[in-house]
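Heads up: the structure comes next, in structure tokens.
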């Protein structure tokens, strides 16, 4: 593969990590949704690029899904849900932005350390890509556990899953990629609908906090 | 003809699922459900005699045919139990016919998914199947639509999804490791091909992959600290599903773990998977053992005991070696049979007493002797008291471990003792003491319960040589 | 022929202790009285008492059971057998091997066991007091006694009284610290076991201070006679035990001729007199102690016994 | 013989199944107990013949248990002796139960487990590989547990059962570890294989400690005894007799099998542990017993004491064996074994008596009894024999074994090691103390229960128990006397055991003149129960005859004298509590921190004066309560994890992931 091709893929993957950091940085829901849309766009670009350089046309489908579903439908849906459920716009954090960022740095470093032990194989792309994908995944998880707000947690999960797609597409000739991305989109749809159905206003917690105290046989 | 057996294991549930979704009447569907599972079990048995050659998608070897037979058998007995259980639920109006219909369809889908996961030769396919099974159970856990049921389902769903993601990442990594060696495309995901050339894979990549797979599938196995979904899912769903979850789904997830353990073991440079599994196993064992003490909900109690035993099994497989592996297999089988039997009993008890609160049950051996003694026997078995099967497996695990690494064995024994004390404490309250709660007669289906207990008892004192040879062979495969 | 002779000797020994026992009790009383400058009863008073008692009817409490009537005979038998197995004037008695020192102690123990039961049988409060105190004292006295036995057995290499006595008579014993301690311990135990001052006062009739007397409070007539007889037997047993263990001189070895036997008997009676005198002297010069000082008293005895044993262990020369 | 015994065990199991089916039938009780009696008798004969014929050990392998190993069974001298003990107790209990069982209100909760329990004990002494042994061992515990909770409505029984089963499993796990140690990583579970591989001294010592914990917790070694006084009394009386008289012996068997047979040649310091524990157990057991006023619990505590005596014997034999003094070791071992046998006799007898009293009065609390000797004279008589025997009074059997233990202690100066030189006499003192205290305790038990005047209506209304029960007790009493006056017979019967385990035996006894027993040499020490018995009988009858012939034999009834106090009501009698008061003041204040608080109402106040006694059970309050505290505290801490929010659970997963990745990063 051409050097430039590798550089561009690399750039896109790196920028995905960057956008993840941006997500971590936000403290307003709408802003977060916009940033996530950007995240999805970058992913789309990178997938499309992979499809181009691997000339694997089926990856374009994945890119399309990423573009339509993640970059457009989901953000809009969430946006409307925020309005509908009257969720207030602040993002409640367990950990402040600063520490969260530091933790994120640590995670990226960890991802690098773990991945760079991998022997540079046929093409370096795989290794670098994996490192970035792993960081995106970890950052997504970090976001899920440091944000109290349901919507932001969904966003976290989705960016985690973006990392997966990045890895999957980066893995040259990996079968079932499209199916996987479809499956995941359905999963996310479930989650979003669930939030909507169960009227989970602020956080996943509310449901079981009540359940703890009122419903379970396990009353303390 | 040889393909038919495997095809049957998959096709029968699939077809049944479609059919059951279509049919309205409860009686018919319940019967049909039983018949379908029976058929599946028959197909599974035939796997012993005729075995298809490994394809790029499907594979049947000694390891998974053991699992398949166990799964289909317990699925069969559970469906028998479920017919009477669901009948009662309908009678008291806890479930409406449409939901029952949905339930039966989902039951078959679940069977299909688990069988698929077991016979899959392609790690991607295996992943898909396990996730399908997870999502199905999520739907069934929430089927009562009560607040806490929904809450349990939701928790299960979220944690499960994260698990799914992690497992997928692991799978991708394995593919990445395999691709340079095997080449692009489907072949690089075929397990037989992978294990054949695992020694040439990149060790570091395999390590990372295993970490993710361990966490991803470990969530399904219910290993602490990934267990959170398990107790509530068991407690709030219909009891047959609790039985299937404890008896089967956990095994299936564990099976996936074992496959990858073998893969890693085949690569000398990769880190030994044993210690990780041993650690997680011990953590789960001790943690669950202590959790038993504060349980007030009978189904949650046994859910935690499932965590405990999955811990033991993981520990045994982590230790490895012919003795420990044999013990692990035996323990897994015994645990599936016993735990599902216990859940059968618990289901009827909860229906009779109209509650799952242990405090509201008591003197069961006096009010419902059969149920009470069956439950007592089940608890004795699960607590590892002889002459029941789990005693033998625990005997083998502990004694073989103590000779190899005493400290581990002492932790193990400690956990076992704490768990036993916790279970018996609750059993005392349930089975003996002044009778409490309604004493109406239970219209229960005792057959599955006692069939399981009889099997467990037999295995405790006598195991047919054929079975032993089989297990030893499998234990050899596990390395 | 020899066997018959041995039989006679054994019989003579049994009769001897039986006959001497009341006399010894009387003697002690007399000496005590004299030391207190009283006239005191005649020495043969105990015989007279026994005869008088045996003539009287037995008055049984309403709540007394059959056991109550059997016990006096049991107690008497056990004590007599025990007493007859202690060599008095001649070692190597025919049956002395049938029970060694430990067995003799145990025999006395069974006598006490039944006596304590008798104290509880009628169901009166004083009987209970007596029994419970008696067993408490015994539970401390027996270990002390056993320790003394250990010491002797370790020195003589035997628990067989005849053997021990012969060994003690032999010059190779010499003077040993452990022996001295054992002696003191044994004396203290003997005092406690026989309920003498300062542990218990055989002459008291103040209920709350009684131990032995309280136990037998309900007995009358021949039963009481037997009990009295066996307690004097026990006393003489302990004295002769002390005699044969610590002043074994004059005890004839087995198979001695008749005239020498006479010497033996003489020596024995001399020892008894001395022992009685010392006992009386001791009792008149000391006051009875409170019941709960007794454990301390016997604790001391136990200490002596244990010390003696350990000393014996630590070095053969002691 | 082995096949016979195994067949009997199988028959018992079958009987259990049968009983489970038909227990509710009116005839079931009689049939089951009769069948148990017959089977136990057959098996008893088998064991006795093997022991007396002293044939070579028989082996048998069945295709059961651990698959590739099979279930090994073996009948050698040791197991034959213990088989004899077990079956004798079983037969007696079944005979007793033929009458006693009629009063059982829930036979379906007793019968199946009873015969299964017998089968379990039989199998324990026959098993010859680790798995079979532990299987039968724990099966024995399980069935006896079911019997303990057979009166399931009583909360105390259920609690007792809980403590019992937990302690039992603890013991089993300890034994499991011991076997794991001896079996090695390849899993040589057959005892024969373990014998073949001679473990090193440290390994053996570890095995000894584990065996001491495992078997000791079942036998009731202090401080592992806490379950025993709870569980034994809770069961029906014939089962209590079995648990106390026989099951604890099975535990002793397990200890001997592991330590004397499998763990290789002992080192001298092994014995120190055993001796110290034994001495402590003996004294603590009897002191505990003295503080009780529940008859069955008192008996249970005496089991603890006797186990202590047995372990003293075993410890001595270990010590002697370690220095190759085989004959002395044989003496100590024989003493221990003889005490095992004797204790099984009189403890069963005493529990039967307690059971008879329980059925006659419905009372276990001695403070509510009294005067039973008038209502149930035969029971009173046999119970008296039992009391005398367990108090080690000559000429009964309890004395013989204790006497032999003393003789063994007297051999200790020949031991080279100083530690033992000093320890053994101290243990001897403890032994003497416990013997004396035991006598005191049984004066209390018998006096308060059977003598005096009835303290309650129910005691007044008591009636003599039935024939079968009496027969069972009478047989045991007779055996007690027989073993007391003809000890030589039994000692010689034990010779094969000691020669099998130690390669040495006590000198032939039956040859000695007048059937005396001579442990070492006639000049050293000897005891002749027969003569002593004869003397006592003869002199007693002589005295009686003489007095009745020469003096008066008349007697009349009158109110009790009691120093002229009018006949107070029965409540004024000495109670068990007040009887034990002096001893409690001497020992209890040290061991149990006993405190007595008497409250005397002021003059004119009609309230009764009260005396309250507070005891501290050291084992429970200082060892087990803290443990339970710790466990429940941990449970509380961890239980918070049940109440986290999903996000927190996710963070658990996240932390696990990061931790594992870190491990990877560092591991490289």
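Residue numbers (the numbering used here), protein chains in the order written: chain A, 491 to 710; chain B, 314 to 792; chain C, -6 to 311; chain D, 132 to 799. Glycine included, C-beta positions come from ideal geometry on N, C-alpha and C. The model shown is predicted, which means the values in this text are computed figures rather than measured ones.
Contact belief for residue i with residue j at Cβ below 8 Å, rounded distance in angstroms
| i | j | result |
| --- | --- | --- |
| residue 345 of chain B | residue 352 of chain B | Between residue 352 of chain B and residue 345 of chain B the Cβ distance is about 10 Å, and since that is not below 8 Å, they are no contact. |
| residue 49 of chain C | residue 36 of chain C | The Cβ separation is near 23 Å, so there is no contact. |
| residue 137 of chain C | residue 294 of chain C | 4 Å |
| residue 529 of chain A | residue 675 of chain A | Not quite, the Cβ-Cβ distance comes to about 15 Å (not below 8 Å), so this is no contact. |
| residue 647 of chain B | residue 702 of chain B | 4 Å |
Burial state of residue i, where buried means 16 or more other Cβ atoms lie within 10 Å
| i | result |
| --- | --- |
| residue 675 of chain B | buried |
| residue 167 of chain D | buried |
| residue 331 of chain D | exposed |
| residue 416 of chain D | buried |
| residue 153 of chain C | buried |
| residue 156 of chain D | exposed |
| residue 285 of chain C | exposed |
| residue 25 of chain C | buried |
| residue 193 of chain C | buried |
| residue 611 of chain D | buried |
| residue 189 of chain C | buried |
Chain D contact for residue i (CB, 8 Å cutoff)
| i | result |
| --- | --- |
| residue 73 of chain C | yes |
| residue 715 of chain B | yes |
| residue 634 of chain A | yes |
| residue -4 of chain C | no |
Three-way DSSP call (helix, strand, coil) for residue i in this model
| i | result |
| --- | --- |
| residue 203 of chain D | strand |
| residue 212 of chain C | coil |
| residue 645 of chain D | helix |
| residue 342 of chain B | helix |
| residue 363 of chain B | coil |
| residue 774 of chain B | helix |
| residue 99 of chain C | helix |
| residue 782 of chain B | helix |
Close-in-space but distant-in-sequence residues of the same chain around residue i (CB under 7 Å, 5 per side omitted)
| i | result |
| --- | --- |
| residue 246 of chain D | 143, 146, 147, 150, 163 and 167 |
Cβ neighbours of residue i in the same chain (closer than 6 Å, five flanking residues each side left out)
| i | result |
| --- | --- |
| residue 424 of chain B | 326 and 388 |
| residue 160 of chain D | 232 and 238 |
| residue 69 of chain C | 219 and 223 |
Within-8 Å CB hit, residue i to chain A
| i | result |
| --- | --- |
| residue 470 of chain B | yes |
| residue 514 of chain D | no |
Closer than 8 Å to chain B by CB, residue i
| i | result |
| --- | --- |
| residue 245 of chain D | no |
| residue 384 of chain D | no |
Below-8 Å beta-carbon distance, residue i vs any chain C residue
| i | result |
| --- | --- |
| residue 399 of chain D | no |
| residue 447 of chain D | no |
8 Å Cβ shell around residue i - same chain, five flanking residues per side excluded
| i | result |
| --- | --- |
| residue 340 of chain D | 404 |
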